[in-house]
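Participant:
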Amino acid sequence: MPVEAPQARVANFNEVALGFDVENALVECERCLVCPEPACVAGCPVGIDIPGFICKIIDKDYRGAYDIISEANLLPAICGRVCPQEDQCEGVCPVGDTLEPVAVGRLERWVGDRAIEEGWHKRPYIEPNGFRVGIIGSGPAGVACAADLAKAGCAVTVYEALHEPGGVLRYGIPDFRLPNQVVDEEIGNLIDLGIDIRCNTLVGRLFTIEQMLDEMGFDAVFIGTGAGSPKFMDIPGETLNGVLSANELLTRCNLMVAGRFPEYDTPLHLGRRVAVIGSGNTAMDALRVTRRLGAEKVHCVYRRTEAESPARLEELHHAQEEGIEFHWLTAPVEILDDGDGNVRAMRCLRMELGEPDESGRRRPVPIEGSEFEFETDMVVYAIGTNANPILGQTSKLKLNKWGYIETDEDLATSMAGVYAGGDIVTGAATVILAMGAGRRAARSIKEYLGIRDSDIVYQPERSGHEGALFGIDGAERNFVRVRSA
Amino acid sequence: MTSQSTKTATGRGREPPKWRMGPASGAGFPIVDREDFSDATFRLEIDHPVMAKAAQPGQFVIIVTHDHGERIPLTIADYDRVKGTVTLVVQAVGKSTREMQQLCRPGTALYSMVGPMGQPSRIGEAKKVICVGGGLGVAPIFPQARAFKERGAYVISVVGFRNRDLIFWEDKFRECCDELIICTDDGSAGIKGLVTKGIAQAIEQHPDIDEVVAVGPPIMMKACAEATRPHGIKTVVSLNPIMVDGTGMCGGCRVKIGGRIMFACVDGPDFDGHDVDFDDLMNRLRRFKEEEQLALERWTETCRRLDMEPHTTTQDSGRS
Ligand SMILES: Cc1cc2nc3c(=O)[nH]c(=O)nc-3n(C[C@H](O)[C@H](O)[C@H](O)COP(=O)(O)OP(=O)(O)OC[C@H]3O[C@@H](n4cnc5c(N)ncnc54)[C@H](O)[C@@H]3O)c2cc1C
Ligand SMILES: Cc1cc2nc3c(=O)[nH]c(=O)nc-3n(C[C@H](O)[C@H](O)[C@H](O)COP(=O)(O)OP(=O)(O)OC[C@H]3O[C@@H](n4cnc5c(N)ncnc54)[C@H](O)[C@@H]3O)c2cc1C
Ligand code: SF4
Ligand code: FES
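Chains A and B, in that order, give the protein sequences.
Position 68, counted from 1, in the first sequence is what numbering that gives the first Met the number 0 calls 67; the numbers after and before it change by one each time, with no gaps.
Position 163, counted from 1, in the second sequence is what numbering that gives the first Met the number 0 calls 162; the numbers after and before it change by one each time, with no gaps.
1. Assign residue 463(A) to one of two classes, buried (16 or more other C-beta atoms within 10 Å of its C-beta) or exposed (fewer than that).
2. In angstroms, rounded to a whole number, what distance separates the CA positions of residue 19(B) and residue 73(A)?
3. Measure the CB-CB distance between residue 182(B) and residue 144(B) and report whether it falls below 8 Å.
4. Following the continuous alpha helix (DSSP H) through residue 496(A), name the residue where it begins and the one where it ends.
5. Would residue 390(A) and residue 208(A) be called neighbours here (beta carbons separated by less than 8 Å)?
6. List the residues that DSSP assigns as beta-bridge partners of residue 150(B).
7. For ligand 1, any of its heavy atoms closer than 7 Å to the Cβ of residue 159(A)?
8. Measuring CB to CB, does residue 369(A) end up less than 8 Å from residue 335(A)?
9. Would you check whether ligand 4 has a heavy atom nearer than 7 Å to the C-beta of residue 243(B)?
10. So if I threshold CB-CB distances at 8 Å, which residues from the segment 68-87 of chain B count as touching chain A?
11. Does residue 232(A) pass the burial test, meaning 16 or more other C-beta atoms within 10 Å, or should it be called exposed?
12. Residue 65(A) by DSSP, collapsed to three states: which one?
13. Is it the case that the CB of residue 262(B) approaches a heavy atom of ligand 5 more closely than 7 Å?
14. Measure from the alpha carbon of residue 83(B) to the alpha carbon of each residue in 65(B), 49(B), 125(B) and 274(B), then state which is nearest.
15. Quick one: is the Cβ of residue 252(B) within less than 7 Å of any heavy atom of ligand 4?
16. May I ask which residues mark the beginning and end of the beta strand (DSSP E) holding residue 242(A)?
17. Return no unless some Cβ of chain A is closer than 8 Å to the Cβ of residue 287(B).
18. Under 8 Å: do the segment 137-149 of chain A and the segment 116-123 of chain A share three or more Cβ pairs, one atom per stretch?
19. In chain A, what lies closer than 9 Å to residue 217(B) by C-beta?
20. Using a Cβ-Cβ cut-off of 6 Å (strictly less than) and excluding sequence neighbours within five positions of residue 95(B), which residues of its own chain qualify?
21. Within its chain, find whatever has a CB closer than 6 Å to the CB of residue 155(A); leave out the 5 residues flanking it on each side and keep chain order.
22. Where does the unbroken beta strand (DSSP E) through residue 34(B) begin, and where does it stop?
23. Does the CB of residue 280(A) have a neighbour CB from chain B at under 8 Å?
24. For the alpha helix (DSSP H) that contains residue 317(A), what are its first and last residues?
25. Could you say if the segment 243-260 of chain B and the segment 309-328 of chain A meet the contact criterion of at least three C-beta pairs nearer than 8 Å?
26. Would you mind reading off the limits of the alpha helix (DSSP H) that contains residue 291(A)?
27. Using 7 Å as the cut-off, classify the Cβ of residue 112(B) as near or not near the heavy atoms of ligand 4, replying yes or no.
28. Could you check which residue in 42(B), 280(B) and 23(B) has the C-alpha nearest to that of residue 31(B)?
29. Quick one: any contact between the segment 325-333 of chain A and the segment 296-304 of chain A, if contact means 3 or more CB pairs under 8 Å?
30. For the beta strand (DSSP E) holding residue 40(B), just list the boundary residues, first then last.
31. Is residue 348(A) helix, strand or coil by DSSP?
32. Buried or exposed for residue 401(A), please, with buried defined as at least 16 other CB atoms from any protein chain shown within 10 angstroms of its CB.
33. Within 10 angstroms of the Cβ of residue 70(A), are there 16 or more other Cβ atoms? Answer buried if so, exposed if not.
34. How is residue 358(A) classed by DSSP in three states: helix, strand or coil?
35. Got a sec: is the Cβ-Cβ distance from residue 560(A) to anything in chain B below 8 Å?
36. Please list, in chain order, the residues of the segment 176-209 of chain A that have any C-beta partner in chain B closer than 8 Å.
Here is the structure:
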């Protein structure tokens with residue numbers, strides 16, 4: 000995959016991974032063995048017929064390739080960019096045993112981009128069935144659920160609290176990994192199915208889930224509100240100016256365009272020496288955003304080692320290439336004041352790895368007497384998130400002890416007709432898992448409402464692959480609807 | 000689309016979005032009425048029937064005036080469930096609020112408005128309460144005073160202004176309060192002095208005050224909390240830290256309450272005034288002072304170039 004050179008890219012917000020052209024794509028497709036029992040399909044959380052779409056590309060039937068992908072994945076240009084393919088489809092590809100695995104994600108992205116460019120849509124014939132479904136949250140879980148229900152003929156309304164839809168895709172993941180325009184296009188495609196997205200609507204406060212069911216005439220509700228409440232560490236100095244969560248940093252930059260202050264009104268107040276605590280994907284995004292905005296030095300501070308870092312390998316490498324300094328086995332214990340309420344430095348401890356903990360990773364333990372001062376004027380917390388509390392505060396929904404919504408395996412919550420999925424159920428996960436959960440909830444909602452899709456007509460060709468996690472099974476083709484009962 | 004064509008720094012400058020901005024139809028949030036109380040304070044009435052139905056005392060909204068604007072939190076100062084409007088009272092202090100003062104006129108619309116946010120104030124069993132409002136807190140205290148009255152409490156309101164010309168809503172307060180104490184810095188109306196003087200007077204006359212509710216600048220709320228602490232009177236304050244989303248997602252609004260960190264937008268904005276670390280709050284409000292200064296200078300300069308008075312009434316420019 001071609002990428003932009005590190006020196007050039009740290010000066011702009013252009014996409015780093017440049018994407019294939021036709022020749023690259025065709026060459027890459029030729030590398031696929033078209034396995035009879037493809038491991039990649041089982042490795043994909045939504046079970047895309049990967050060899051199927053690759054064969055279509057080889058046949059130069061690009062539209063056909065898009066049709067196959069969009070059968071299982073409603074947001075290919077997005078997932079092709081942000082899926083952790085090395086743990087999914089590409090991670091199990093046998094070509095990868097000896098060579099680089101087939102670049103499934105790049106190919107998927109190429110097909111998705113092509114669809115946007117050509118204006119391809121998949122708009123099935125939709126016959127309204129008279130049911131109304133309300134969706135809370137317009138992240139990947141919400142829009143995926145909405146799209147499937149719309150195709151099944153439901154009148155779907157998506158409510159979003161922020162002033163633009165997309166959830167983390169919009170406010171979290173920066174433009175150099177996922178341009179906002181791609182989000183606009185792919186969500187726009189779903190809107191074209193007849194979904195009504197309404198921003199600026201904070202469900203729970205403007206109206207409750209109970210009201211949606213009792214007064215507003217919704218037959219079912221899906222909750223996909225994400226896990227966006229940032230964690231702090233509870234160490235001294237956390238409220239000093241210059242300490243902020245990665246969510247705040249990224250929201251200011253991605254949603255509010257603080258990088259172009261004062262042309263845009265939202266400020267950021269970038270530090271000169273930035274320290275990002277944590278080493279997951281969110282941390283990588285925070286590091287690379289501050290680097291691009293022009294911080295002189297950007298440091299990553301993590302209490303374990305590179306081997307335990309939860310970030311995608313590709314992102315970690317990109318960050319390293321961009322001149323970000325990593326401080327492994329380092330943990331802050333206090334944030335120090337400059338005397339005027341701003342951050343001056345952090346007091347840190349050096350760590351070493353001890354016995355494995357519950358997560359199976361070796362637990363970092365502090366080395367006695369290793370305390371040192373780490374000079375910094377901006378500290379960004381990227382150490383994970385908690386469940387968003389608003390729906391819990393305003394409804395009778397049953398939550399688990401961490402505040403996430405409890406569901407059964409059909410994603411039904413404790414309230415009849417109310418389903419939930421995505422990060423608000425599982426805790427922070429991935430785009431594709433959230434999308435899979437949204438589709439799965441759509442299936443449960445269809446069952447609950449007594450809408451049955453028949454796959455007798457229009458069943459497209461595909462290689463068999465049942466049983467994948469969130470696999471889309473035969474019952475879920477959205478073409479002809481027969482209402483039972 | 001090749002990656003070349005997706006290269007926009009922001010994704011802005013795009014076609015009009017296909018999604019809708021609000022829970023109701025139309026584009027934006029129409030401003031139906033405006034009244035200027037002084038050269039810095041004005042009232043906007045905004046059409047939003049769903050919110051008018053849901054709003055409760057103590058809650059706030061976040062508005063954006065145009066697509067380059069920032070998210071501005073403002074307390075819901077009143078709501079009319081019949082007319083379907085909510086009222087905001089804005090004090091023009093910096094770039095965004097001055098720009099609102101200039102652009103927000105009846106007939107225009109806000110780009111975005113979301114709410115009601117925050118936990119509603121608990122209008123408890125208190126039988127005798129003092130509602131204190133100072134500066135930008137005068138309007139927000141009104142719905143609480145009215146709610147207490149509706150609950151049957153004896154309501155004493157203490158409101159503070161710099162001078163008599165800045166006084167507004169005196170009639171509204173008189174209507175819903177058993178006593179109204181006006182304080183002005185220069186003594187041109189009511190008591191000369193700060194609201195704390197008014198509180199002291201009320202406590203002296205009524206030894207059986209159950210609760211004090213104070214809304215205003217942090218320094219005033221701090222003084223109120225200190226004034227009631229020796230009397231052991233429960234004191235509720237409404238905090239106004241810098242916010243971004245208002246949904247608990249960014250943590251920018253975190254405040255220190257009794258040594259613990261809370262998010263004002265979802266855990267508040269009301270907190271027990273005796274537990275609040277006001278110094279921390281005041282420090283955090285200075286977080287962007289350089290940027291605020293720069294934005295204001297740039298705005299004033301633009302107004303000057305366009306030959307507009309930055310803070311007087313002009314015809315609306317059609318923006319927002
Ligand atoms: C910085 C960052 C980078 C990431 N990078 C990747 C990546 O590269 N690859 C990957 O696979 N995953 C990545 N993830 C994780 C992935 O984005 C999430 O797992 C996924 O977006 C979860 O989707 P969701 O639909 O459950 O929730 P979200 O995307 O969080 O969307 C929830 C939406 O609901 C709205 N909402 C919340 N409460 C309410 C309410 N009461 N009323 C109305 N609306 C409400 C929110 O405003 C939000 O828009 C990343 C996450 C972050 C934070
Ligand atoms: C929950 C809540 C309710 C509020 N209710 C009202 C209201 O009803 N009426 C009203 O006029 N204002 C209210 N505010 C304050 C209002 O949001 C700010 O005055 C506004 O954001 C300032 O923007 P600006 O660009 O005009 O000024 P800036 O130039 O950004 O700031 C000017 C001054 O205002 C202070 N300031 C900046 N942001 C805030 C903030 N979020 N809160 C308090 N002070 C701030 C700064 O410290 C600075 O001294 C409320 C704030 C919160 C958090
Ligand atoms: S959706 Fe993700 S896992 Fe599935 S094929 Fe695409 S990149 Fe691979
Ligand atoms: S304003 Fe973002 S969490 Fe409160």
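For glycine and all other residues, C-beta sits at the position ideal for the given N, C-alpha and C.
Please read these numbers as outputs of a predicted model, since none were measured by experiment.
Facilitator: According to the data block:
1. Confidence in residue 463(A) is poor, its pLDDT being 46 and thus under 50, which makes the residue's placement unreliable; the coordinate value appears in the next sentence. Residue 463(A) should be labelled exposed.
2. Computed Cα separation, rounded: 21 Å.
3. no
4. One cannot answer for residue 496(A) here, as it falls past the ends of chain A, which runs 0 to 484.
5. yes
6. Residue 150(B) pairs with nothing; no bridge assigned.
7. yes
8. no
9. yes
10. 68, 69 and 70
11. Exposed, since its Cβ has fewer than 16 Cβ neighbours within 10 Å.
12. helix
13. Looking at this structure, you won't find ligand 5 anywhere; what it does contain is ligand 1, ligand 2, ligand 3 and ligand 4.
14. 49(B)
15. yes
16. 242-244
17. yes
18. no
19. Here the premise fails: no neighbours, minimum Cβ distance about 14 Å.
20. 69 and 71
21. Apart from sequence neighbours up to five positions away, the residues of its chain that approach residue 155(A) with a beta-carbon distance below 6 Å are 132, 145, 148, 149 and 194, ordered along the chain.
22. Taken as a continuous stretch (DSSP letters only), the beta strand (DSSP E) holding residue 34(B) covers 28-35.
23. Chain B, which has no Cβ nearer than 8 Å to the Cβ of residue 280(A), makes this no.
24. 312-320
25. Flag = no, the segment 243-260 of chain B and the segment 309-328 of chain A do not touch.
26. 280-292
27. no
28. 42(B)
29. yes
30. 40-46
31. strand
32. exposed
33. The residue is buried, with at least 16 neighbouring Cβ atoms inside 10 Å.
34. coil
35. The displayed coordinates of chain A run from 0 to 484. Any statement about residue 560(A) would go beyond what the structure contains.
36. Of all residues in the segment 176-209 of chain A, 178, 179, 180, 181, 182, 183, 184, 186, 187, 190, 191, 195, 196, 197, 198, 199, 200, 201, 204, 205 and 206 have a Cβ within less than 8 Å of some Cβ in chain B.
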